[in-house]
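Student:
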Amino acid sequence: MVDWPPAFESLIRQRSRLLGADTPLDPDRGLSDLGVDSLEVVELIVNLETEFDIELPPGLLRPEVFATPGTIWAAVRGLV
1 MVDWPPAFES LIRQRSRLLG ADTPLDPDRG LSDLGVDSLE VVELIVNLET
51 EFDIELPPGL LRPEVFATPG TIWAAVRGLV
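Read left to right, the sequence shown gives residues 1 to 80 (full-length UniProt numbering).
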């Protein structure tokens with residue numbers, strides 16, 4: 001179990017087309033497996049920056065950082 005805030009999980013769930021409302025969010029499940037496409041990743045980045053009042057530096061805007069909810073949260077957590 002990952003200890004991320006409800007706001008983070010909500011942002012991921014808003015982008016996921018394949019995750020049921022009662023399905024736990026697996027930190028290691030790939031975003032593509034959740035039905036999140038590349039445009040939605042861009043929207044997610046904007047939403048994360050707004051919600052957590054951060055700016056993701058260019059070095060974090062890499063596919064491996066945005067591979068899973070767990071890798072995304074690790075990057076965001078390091079900035080908040």
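Where is the CB? At the ideal position from N, CA and C, for every residue including glycine.
Treat the numbers as computed from the prediction; the structure is a model and nothing was measured.
(1) Can you check which of these residues, P5, G59, D28 and E55, is closest to A67 by C-alpha distance?
(2) Would you mind sorting P69 into buried or exposed? The rule is 16 or more other CB atoms within 10 Å of its CB.
(3) Does any CB atom of chain D fall closer than 8 Å to the CB of V41?
(4) Going by the CB atoms, is the gap between L34 and I45 shorter than 8 Å?
(5) For a test of the three-state rule: what should DSSP assign to R62, helix, strand or coil?
Tutor: So, from the listed chains and residues:
(1) D28
(2) buried
(3) Although the question refers to chain D, the structure presented lacks it and comprises just one protein chain.
(4) no
(5) coil
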